[in-house]
Amino acid sequence: MSIDRAILFRLATSDVVEQVVRAVPRGEELAWRAASRYVPGTAAADAIRAAGELHARGVAASIDQFGELVDDTLVAQRVTDDYLRLAEDLAGLPQDAWLAVDLSHLGLDVDLSGCADRLAAIAQALPEGRRIQVGAEDDARADAVLKCVLDVADRGMADRLGATVQANLHRTPDDMERLLEAGVHIRLVKGAYLESPDRALPYGEPTDIAFMRLAHRLAEAHAPFALATHDGVLREALLSALGPVPVEQLLGVRPEILNDLVAHGVPVRVYIPFGHNWFRYWMRRVAESRGA
Ligand SMILES: Cc1cc2nc3c(=O)[nH]c(=O)nc-3n(C[C@H](O)[C@H](O)[C@H](O)COP(=O)(O)OP(=O)(O)OC[C@H]3O[C@@H](n4cnc5c(N)ncnc54)[C@H](O)[C@@H]3O)c2cc1C
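Structure (structure tokens):
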């Protein structure tokens, strides 16, 4: 990990930066103006509108309510209720609209089996043919996230679930085999968290090579999967080798490429987050746009 990347990552996830920006006159307003490229709004209706607009361009969407690290089961239940309403809303959206969630938002840290139950309740409430994609969090939570996903898949809901695997983590090839066996959809990403060298490959070439190898393994297994990257070279190399496999992007990141992918017959899905906790997410995107 380069020092620059570590500094940018820490700045992007710092409470102090957020407090300072929000305290400056018009700071929040100006920050929101920049962030709104990545976040359609604070309400579910904003995300639903954005999903409809993308659908008109031939692009699918996965809607996520911002939030993570919930350490109170009552809050986790409230979040679950919000997701149950979102699951109902999906019925009014095109068939390719899915949901997305981070399990620490559903109380993973305080109550693993309750978290699995909450994920199962949301998966069960989805209209037929839809999925809820579970995000990958830091390496320390990877075991718990994997357990929850496998538990819910085991309850007969693999076709309603998606998991995310991070190419940079040493554990991912093994985890991915278990997810393949379970039959859930797999979203392959490079990995967004700062991890120690004993747990993860460095950002850059080693992670990119791991991403390539994992993508080939997913294709060989005929798994339902997507390449979730904005790295044009990596994406094009894989599309040339594997054919038009699905690609996922984050809303607002390199949006100019979406039409081109659709025109070339590549199925494209965009992650759409909404909610009040947009500040850190925006800072993280800004850091990544500068190579962090
Ligand atoms: C749909 C989706 C879901 C994800 N879910 C997870 C998850 O659950 N867990 C997790 O750890 N990570 C997740 N990620 C993030 C991922 O791990 C990477 O941190 C992030 O995608 C950046 O890596 P990259 O593959 O795009 O490649 P990079 O090499 O970081 O970027 C490729 C190119 O895109 C450019 N770029 C990147 N961001 C921007 C931007 N904001 N504006 C303009 N250009 C930009 C870069 O400058 C670079 O030129 C997800 C990513 C996507 C697309």
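Heads up, the sequence shown is in full-length UniProt numbering, so the first residue is 1 and it goes up one at a time. Cβ coordinates follow ideal geometry from the N, Cα and C atoms, glycine included.
- Task: Give me the Cβ distance between GLU248 and ARG187, rounded to the nearest whole Å; I'm assuming they're in contact under 8 angstroms.
- Result: In the sequence shown, residue 248 corresponds to position 248, counting from 1. In the sequence shown, residue 187 corresponds to position 187, counting from 1. That pair is a contact at about 6 angstroms.
- Message: Between the alpha carbons of LEU146 and GLU18, how many angstroms are there, rounded?
- Response: Counting from one through the sequence shown, the residue named residue 146 turns up at place 146. Counting from one through the sequence shown, the residue named residue 18 turns up at place 18. So the two alpha carbons sit approximately 31 angstroms from each other.
- Cβ shell of THR172 (< 8 angstroms), same chain only, five flanking positions each side left out: Within the sequence shown, numbered from 1, the residue matching residue 172 stands at position 172. Result list for THR172: VAL165, GLN166, ALA210, LEU214, in chain order.
- Query: Three-state secondary structure (DSSP) at THR164?
  - Reply: For the purposes of this step, residue 164 is taken as residue 164 along the sequence shown, with counting starting at 1. Three-state result, THR164: strand.
- Would you check if the distance between the CB atom of SER62 and the CB atom of LEU99 is smaller than 8 angstroms? Indexing the sequence shown from 1 puts residue 62 at position 62. Indexing the sequence shown from 1 puts residue 99 at position 99. Yes.
- Output the boundary residues of the alpha helix (DSSP H) element that contains residue 328. In the structure as shown, the chain begins at 1 and stops at 292. Residue 328 is therefore absent and cannot be evaluated.
- Task: Check GLU288 in the structure and name its three-state DSSP category.
- Result: Translated into the one-based positions of the sequence shown, residue 288 becomes position 288. The answer is helix: DSSP assigns GLU288 an H, G or I state.
- Item | Check whether ARG57 and VAL189 have beta carbons under 8 angstroms apart | Residue mapping note: residue 57 aligns to position 57 of the sequence shown, counting from 1. Residue mapping note: residue 189 aligns to position 189 of the sequence shown, counting from 1. The answer is no: Cβ separation not under 8 angstroms.
- Query: Looking only at C-alpha atoms, which of GLN95, ALA136, ALA144, MET157 sits nearest to CYS115?
  - Reply: Translated into positions along the sequence shown, residue 115 becomes position 115. Checking every option, the nearest Cα to that of CYS115 belongs to ALA144.
- Is it the case that the Cβ atoms of HIS105 and VAL79 are separated by a distance below 8 angstroms? The residue labelled residue 105 in the question sits at position 105 within the sequence shown. The residue labelled residue 79 in the question sits at position 79 within the sequence shown. Result yes, Cβ atoms of HIS105 and VAL79 sit closer than 8 angstroms.
- Proximal residues to VAL70 (C-beta, below 6 angstroms), its chain only, five neighbours per side dropped: As a first step, residue 70 must be located in the sequence shown, where it is residue number 70. Once the five neighbours on either side are set aside, the close Cβ partners of VAL70 are ALA76, HIS105, GLY107.
- Message: Using the three-state DSSP reduction, which class does VAL59 fall into: helix, strand or coil?
- Response: Here residue 59 corresponds to residue number 59 of the sequence shown, with the count starting at 1. Coil at VAL59, not helix or strand.
- Is there contact here, the stretch 29 to 46 with the stretch 275 to 291, by at least three beta-carbon pairs under 8 angstroms? In short, these stretches touch, since the Cβ pair count reaches three.
- Query: Expressed to the nearest angstrom, what Euclidean distance is found between the alpha-carbon atoms of VAL253 and HIS230?
  - Reply: Within the sequence shown, the letter at position 253 stands for residue 253. Within the sequence shown, the letter at position 230 stands for residue 230. Taking the straight line from one Cα to the other gives about 7 angstroms.
- When DSSP builds the beta bridges, which residues end up paired with LEU169? Numbered from its first residue, the sequence shown carries residue 169 at position 169. In the DSSP output, where bridge partners are listed per residue, LEU169 has ALA200.
- Extent of the continuous alpha helix (DSSP H) run through ARG269: For this step, residue 269 is matched to residue 269 along the sequence shown. Segment 268 to 274 is the beta strand (DSSP E) holding ARG269; no alpha helix (DSSP H) there.
- Task: In the DSSP assignment, find the beta strand (DSSP E) that holds GLU137 and state where it starts and stops.
- Result: Mapped onto the sequence shown, residue 137 falls at position 137. No beta strand (DSSP E) holds GLU137; DSSP gives it neither H nor E.
- Query: Per DSSP, which one or two residues make a beta bridge with TRP278?
  - Reply: Taking the first residue of the sequence shown as 1, we reach residue 278 at position 278. Residue pairing by DSSP places TRP278 opposite no residue, since no beta bridge is assigned to it.
- Item | Length of the line joining the Cα atoms of ALA91 and ILE272 | Counted from its first residue, the sequence shown places residue 91 at position 91. Counted from its first residue, the sequence shown places residue 272 at position 272. Between ALA91 and ILE272, the C-alpha separation is close to 17 angstroms.
- Message: In the DSSP output, which residue or residues are listed as bridge partners for GLU248?
- Response: Taking the first residue of the sequence shown as 1, we reach residue 248 at position 248. Partner(s): ALA228, ARG269.
- Whole-angstrom distance between ASP198 and ALA45, CA atom to CA atom: Reading the sequence shown from its first residue, position 45 is the one you call residue 45. Reading the sequence shown from its first residue, position 198 is the one you call residue 198. Roughly 43 angstroms separates the two Cα atoms.
- Cβ-heavy atom distance between LYS190 and ligand 1 below 7 angstroms? Position 190 of the sequence shown holds residue 190. Correct: LYS190 has its Cβ closer than 7 angstroms to ligand 1.
- Task: Using the Cα positions of ALA50 and GLN124, report the straight-line distance between them to the nearest angstrom.
- Result: For the purposes of this step, residue 50 is taken as residue 50 along the sequence shown, with counting starting at 1. For the purposes of this step, residue 124 is taken as residue 124 along the sequence shown, with counting starting at 1. One Cα belongs to ALA50, the other to GLN124, and the distance between them is close to 25 angstroms.
- Item | Residue burial classification, PRO40 (beta-carbon count within 10 angstroms, cutoff 16) | Along the sequence shown, one-based indexing puts residue 40 at 40. When all chains shown are included, PRO40 counts as buried.
- Query: Which residues in the same chain have their Cβ closer than 6 angstroms to the Cβ of LEU250, if we skip the five residues on either side of it in sequence?
  - Reply: On the sequence shown, residue 250 is found 250 positions in, with the first residue counted as 1. Excluding sequence neighbours, LEU250 sits near TYR271.
- Query: Can you tell which of GLU256, ASP96, GLY156 has the C-alpha that lies nearest to the C-alpha of GLY232?
  - Reply: In the sequence shown, counting from the first residue as 1, residue 232 sits at position 232. In this structure, GLU256 is the residue among GLU256, ASP96, GLY156 with its C-alpha nearest to the C-alpha of GLY232.
- Three-way DSSP call (helix, strand, coil) for HIS185 in this model: Residue 185 sits at position 185 when you count from the first residue of the sequence shown. Strand.
- DSSP beta-bridge partners of VAL101: To locate residue 101, count along the sequence shown from 1; it is residue 101. DSSP lists VAL134 as partners of VAL101.
- Quick one: does the C-beta of VAL253 sit closer than 7 angstroms to a heavy atom of ligand 1? To locate residue 253, count along the sequence shown from 1; it is residue 253. Yes, since a heavy atom of ligand 1 falls inside the 7 angstroms radius drawn around the Cβ of VAL253.
- Message: Please tell me whether ARG178 and LEU201 are closer than 8 angstroms, where the distance is taken between their beta carbons.
- Response: Locating residue 178 in the sequence shown gives position 178, counting from the first residue. Locating residue 201 in the sequence shown gives position 201, counting from the first residue. Their beta carbons are not under 8 angstroms apart, which means ARG178 does not touch LEU201 by this criterion.
- Straight-line Cα distance separating ASP64 from ALA153: Here residue 153 is taken as the residue at index 153 of the sequence shown, counted from 1. Here residue 64 is taken as the residue at index 64 of the sequence shown, counted from 1. Rounded to whole angstroms, ALA153 and ASP64 show a C-alpha spacing of 20 angstroms.
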